[in-house]
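Some notes on the structure that comes next.
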Amino acid sequence: MALPIQQNTFKPRYHVDQTNATAASYMTQNYMTLPEHISVAEAKKVFLEKLEENSITNQIFITTNDKLMGILSVKSLLKYPNESDSINQLMQPNFFFVAPGDKRTELAKSLHDCGFDLVPVLDKGLLVGALSEREIDRILEDDATEDAQLQGGSLPLDKPYLQMTPFALWKKRSVWLLLLFIAEAYTSTVIKSFEDQLEAVIALAFFIPLLVGTGGNSGTQITSTIVRSMAIGELSINHIWQVLRQEMSTAVLIAITL
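In the working numbering, each number is its position in the sequence shown, counted from 1, plus 35.
Here you go:
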C-alpha cells in the first residue's frame with residue numbers, strides 16, 4: 036500500500052498577489068512532507084525514491100492533516116540506526132516559521148541571521164508554503180534594492196526597470212522632486228531677503244552653489260548612514276531623538292571644520 040506522501044503537489048489555499056511584498060508572494064510549494072507516525076525505514080524509502088528529483092533539501096516537514104508538527108533533518112534520518120522507531124522521535128517540534136502576511140521588511144530582518152535554508156510558512160498552524168534558500172536570497176536582495184531606491188529619493192519600483200513605462204517612472208520620482216522644488220523655493224526666498232548684502236559684496240554670490248552642493252552631499256551622507264542602519268535593524272522610530280541629537284552635534288562639528 037502506497038504511503039500518502041507527496042512532493043510538489045501542494046495547491047495554494049488562496050490567490051497570491053505577486054505585487055505584494057509579503058511572504059505569500061515569495062513562498063514556494065516545492066518541499067517534501069511526511070506523515071508524523073511512519074517509521075524511520077518507511078521515511079528513508081520514500082526519501083531515497085525522491086533523490087532523482089532536482090530540488091531535494093536537507094529538511095523535511097512532518098505534518099498531520101496539513102498541520103506542521105515538526106521539522107526532520109535528512110542527515111539525522113539517514114544516520115538513525117533504529118529503523119522501526121517513529122520519525123516523530125527524530126523531528127524538531129520547535130522551529131522558526133513565518134506567516135503568509137509577514138511584510139518583506141520584517142522578513143528580511145528575521146531571515147538575515149536565522150541560518151536556515153528552508154523556512155515553513157504557516158497560516159494558523161497549517162503549512163501553506165515554504166521559503167527555500169532561493170526565496171530567502173530574493174527577499175534579502177529585494178529589500179536591499181528597495182532601501183537603495185528610497186535612499187536615492189525615488190519610490191521603490193514594483194517591476195524590473197526595463198518593464199517600467201516612462202509614466203510609471205514619472206510617478207515614482209516626481210513626489211520627491213516636487214518636495215525638493217518646494218524646499219528650493221524657500222531657499223530662494225531666504226537669498227532674496229539678503230539681496231542688499233549680496234549686491235554690496237558680490238563675491239558672496241559665488242559661495243551659494245558651493246554651499247548648496249555641500250548641503251546636498253551632507254544630506255546624502257546622512258541618509259546613506261541612517262537608511263542602512265534602519266535596514267539592518269540598528270535604528271527604529273524609537274531612536275528618533277537620539278538620532279537628531281547626534282546628527283545636530285555632527286553638523287556643528289562639520290560646519291566648524293568647513
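Ideal Cβ positions, reconstructed from N, Cα and C, are used throughout, including at glycine.
For clarity, every value in this text was computed on a predicted model and none was experimentally measured.
Since A134 contacts D152 with CB under 8 angstroms, what's their CB separation in whole angstroms? Along the sequence shown, one-based indexing puts residue 134 at 99. Along the sequence shown, one-based indexing puts residue 152 at 117. The beta-carbon distance between A134 and D152, rounded to whole angstroms, is 19 angstroms. This is too long to meet the 8 angstroms contact definition.
### Message
Taking DSSP's pairing of strands, which residues face I272 in a bridge?
### Response
Looking up residue 272 in the sequence shown gives position 237. Looking at the DSSP assignment, I272 forms no beta bridge with any residue, so it has no partner.
- Task: Tell whether a beta-carbon distance below 8 angstroms holds between V109 and I95.
- Result: Translated into the one-based positions of the sequence shown, residue 109 becomes position 74. Translated into the one-based positions of the sequence shown, residue 95 becomes position 60. Yes. Within cutoff.
Q.
I believe L112 touches A165 by the beta-carbon criterion, under 8 angstroms. Please report the beta-carbon distance rounded to the nearest angstrom.
A. One-based indexing of the sequence shown puts residue 112 at position 77. One-based indexing of the sequence shown puts residue 165 at position 130. The pair is not a contact, with the Cβ atoms about 18 angstroms apart (cut-off 8 angstroms).
Could you pull the start and end residues of the beta strand (DSSP E) that S167 belongs to?
Here residue 167 refers to the residue found at position 132 of the sequence shown. S167 -> beta strand (DSSP E) spans L161 to S167.
- Where E170 falls, given that 16 or more other Cβ within 10 Å makes a residue buried: Reading the sequence shown from its first residue, position 135 is the one you call residue 170. E170 comes out buried.
Just curious, the beta strand (DSSP E) that V156 is in, first and last residue? Locating residue 156 in the sequence shown gives position 121, counting from the first residue. DSSP places V156 in the uninterrupted beta strand (DSSP E) bounded by L153 to D158.
inquiry  = For L204 and I174, which I take to be in contact (beta-carbon distance under 8 angstroms), what is that distance rounded to the nearest angstrom?
reply    = Taking the first residue of the sequence shown as position 1, residue 204 is located at position 169. Taking the first residue of the sequence shown as position 1, residue 174 is located at position 139. That belief does not hold up - the Cβ atoms of L204 and I174 are roughly 24 angstroms apart, past 8 angstroms.
Exercise. Looking at C-beta atoms only, is the number of pairs between the region 135-144 and the region 56-72 that lie closer than 8 angstroms three or more?
Worked result: Between the region 135-144 and the region 56-72 there are three or more C-beta pairs closer than 8 angstroms, enough to call the two in contact.
Exercise. Given R280, which residues of its chain have a CB within under 7 angstroms of its CB, disregarding the five upstream and five downstream residues?
Worked result: Position 245 of the sequence shown, counted from the first residue, corresponds to residue 280. Excluding positions up to five away in sequence, the list is empty.
Practice item. Please check the pair Q127 and G105, which I expect to be a contact at CB under 8 angstroms, by giving their CB distance rounded to whole angstroms. Key: Residue numbering aside, residue 127 sits at position 92 when the sequence shown is read from its first letter. Residue numbering aside, residue 105 sits at position 70 when the sequence shown is read from its first letter. Between Q127 and G105, the beta carbon gap of about 5 angstroms places them in contact (Cβ cut-off 8 angstroms).
Thinking C-beta only, is T92 closer than 8 angstroms to Y115? By 1-based counting over the sequence shown, the position of residue 115 is 80. By 1-based counting over the sequence shown, the position of residue 92 is 57. Taking 8 angstroms as the Cβ cut-off, Y115 and T92 do not qualify as a contacting pair.
Residue(s) in a DSSP beta bridge with G105
In the sequence shown, the residue the question calls residue 105 occupies position 70. According to DSSP, which records beta bridges pairwise, G105 is partnered with I97.
Per-residue burial, A143 [other beta carbons within 10 Å of its own, 16 or more giving buried]
Translated into positions along the sequence shown, residue 143 becomes position 108. Counting the other CB atoms within 10 Å of its CB gives A143 a total of 16 or more, which places it among the buried residues.
*The alpha helix (DSSP H) with V225 in it runs from where to where?*
Reading the sequence shown from its first residue, position 190 is the one you call residue 225. The continuous alpha helix (DSSP H) containing V225 extends over residues P201 to S228.
If you measure between the beta carbons of V75 and I122, is that distance less than 8 angstroms?
Against the sequence shown, residue 75 aligns to sequence position 40. Against the sequence shown, residue 122 aligns to sequence position 87. For V75 and I122, yes; Cβs fall inside 8 angstroms.
**Asked** Shortest alpha-carbon distance to N100 belongs to which of F82, L69, K85 and E118?
**Response** Within the sequence shown, the letter at position 65 stands for residue 100. The candidate whose alpha carbon is nearest that of N100 is L69.
Local conformation of G133 per DSSP, three classes: Here residue 133 refers to the residue found at position 98 when the sequence shown is read from its first residue. It should be noted that the sequence gives Val, not Gly, for residue 133. DSSP, reduced to helix, strand and coil, places V133 within a strand of the structure shown.
Buried or exposed: L161, going by 16 or more other Cβ atoms within 10 Å of its Cβ? For the purposes of this step, residue 161 is taken as the residue at position 126 of the sequence shown. The residue is exposed, with fewer than 16 neighbouring Cβ atoms inside 10 Å.
Can you grab the Cα-Cα spacing for the pair F229 / N273, in whole Å? In the sequence shown, the residue the question calls residue 229 occupies position 194. In the sequence shown, the residue the question calls residue 273 occupies position 238. Answer to the nearest angstrom: the Cα atoms are 39 angstroms apart.
key: DSSP beta-bridge partners of S74   = To locate residue 74, count along the sequence shown from 1; it is residue 39. DSSP output for S74 lists S121 as bridge partner(s).
**Asked** Is the distance from the Cβ of F131 to the Cβ of C149 below 8 angstroms?
**Response** Locating residue 131 in the sequence shown gives position 96, counting from the first residue. Locating residue 149 in the sequence shown gives position 114, counting from the first residue. Contact flag set, yes.
- Give every residue of the same chain whose Cβ lies closer than 8 angstroms to the Cβ of V278, excluding the five residues on either side of it in the sequence, and list them in chain order. One-based indexing of the sequence shown puts residue 278 at position 243. Taken in chain order, the residues that qualify are I261 and L270.
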